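Asker: With this note's numbering, letter number 58 in the sequence shown gets 60, and the count goes up by one each step, no holes. All C-beta atoms in this analysis are idealised placements derived from N, C-alpha and C, irrespective of residue type, glycine included. Because the structure is a prediction, the values reported are computed rather than measured.
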Amino acid sequence: MRINPKLSIFDTFKTKNELTGEALRQRAIIVRLATESSPSLRTRTAISQKIAEENGIAWKNIYSGIFHDLNEVLLPLGIAEEAGRLPLKRGPKALQEVGIPHYRLTQSGLLVALSLKEINNKEQLLTQFFSMSKSDHEFQNTILKLTKIAPRFVFSLFERYVKAYCTRKLENLLPFNLANLKKISDESLAIQRETLEGFTRLSKLEKEKVLNFVKVIS
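1. Can you find the residues in the same chain that come closer than 8 Å, C-beta to C-beta, to S10, ignoring five residues on each side of it along the sequence?
2. Compare the C-beta of L97 with all C-beta atoms of chain B and state if any pair is closer than 8 Å.
3. When DSSP builds the beta bridges, which residues end up paired with T45?
4. For A54, which of helix, strand or coil comes out of DSSP?
5. Specify, as a first and last residue, the run of the alpha helix (DSSP H) that L183 falls within.
6. Just to check my reading of the structure: R44 and R106 have Cβ atoms closer than 8 Å, yes? What is that Cβ distance to the nearest angstrom?
7. Check each candidate in V212, K184, L79 and K136 and name the one with the smallest Cα separation from T197.
8. Do you know whose CA, among K206, A166 and K8, lies nearest N73's CA?
9. Closer than 6 Å by C-beta to T108: which residues in its own chain qualify, once you throw out the five before and the five after it? Chain order, please.
10. Between F207 and F201, what straight-line distance do the alpha-carbon atoms span, to the nearest angstrom?
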C-alpha cells in the first residue's frame, strides 16, 4: 500500500494535456461505482469487464490496475468502501466461504463523482450526497437552487474543489461547506461574481442586450 495514496483523476502527461492512464482508470472506477445499482456489477471483476468492454480490450489485462486503484488508492483515501460480499458457488472452498467483495462510494466518493464530466445524473448524486451531509440547510438549498438555474457553474465548483484536494491544496474533502469552498476561490470566480453583480444592476432592456451579446459569443 502507498504511504501517501494520491487521487490522480486530474493527472495529465507532462508533454501533452491528456489524462494519464491511471487518471482514466480511476475515473472509470468511480463512474462505475456511481452509476451501477447492482452489487454484482460493483465487484473488481465486473468493473474490469465493463471498462474493458468500453475500451475494446481484454479485461484480464486491466484487472491488476483496477485491483491496485481500489485497494491502494480509493479504499485508503475513503473514496470507496466495501459494501458487502457476494456468495460464490464455484471455485476454492475458502473463497466460497468469504465471498467476493463489492464496493460503493462513500460520501467523499460521491463528492469526487460530482466533479467528473463523464457522469450525467449529477443532480441525483447531489441529492444523495446532501442526504449524507451535515452542512447547514441554507448552504445546501443555495447549491441546489443554483443547480436548477446554472448547473454547469455549480459542477465546475465541484471540479475545482476536488482538483484542489488532488493537488493537496485542500487537506480533506469533507466537510463540504462555505468555509472550505472559500479556500478554492480564484480569478475566474471573481470574474463571474463581478459579472453577476453588474448584471443585476442593469435595466431590463440592458439585460436583454447583454444576454444577446453573450449568446452570440458563446
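Answerer: Result, derived from the coordinates:
1. In the sequence shown, the residue the question calls residue 10 occupies position 8. Excluding positions up to five away in sequence, the list reads T22, E24, A25, Q28, V75 and C168.
2. The chain inventory of the structure shown lacks chain B, comprising one protein chain alone.
3. For the purposes of this step, residue 45 is taken as the residue at position 43 of the sequence shown. Note: T45 sits in a beta bridge opposite H104.
4. One-based indexing of the sequence shown puts residue 54 at position 52. DSSP places A54 in helix when its eight states are reduced to three.
5. Residue 183 sits at position 181 when you count from the first residue of the sequence shown. Segment L180 to K184, the alpha helix (DSSP H) holding L183.
6. Here the question's residue 44 lines up with position 42 in the sequence shown. Here the question's residue 106 lines up with position 104 in the sequence shown. Sure, about 7 Å apart at Cβ, within 8 Å.
7. Position 195 of the sequence shown, counting from 1, holds the residue named residue 197. Considering only alpha carbons, the answer is V212.
8. The count along the sequence shown starts at 1 and reaches residue 73 at position 71. Minimum Cα distance to N73 is reached at K8.
9. Locating residue 108 in the sequence shown gives position 106, counting from the first residue. Answer for T108: G80 and E83, listed in chain order.
10. Mapped onto the sequence shown, residue 207 falls at position 205. Mapped onto the sequence shown, residue 201 falls at position 199. For the record, residue 207 in the displayed sequence is Leu; it is not Phe. Their backbone Cα atoms lie some 11 Å apart in a straight line.
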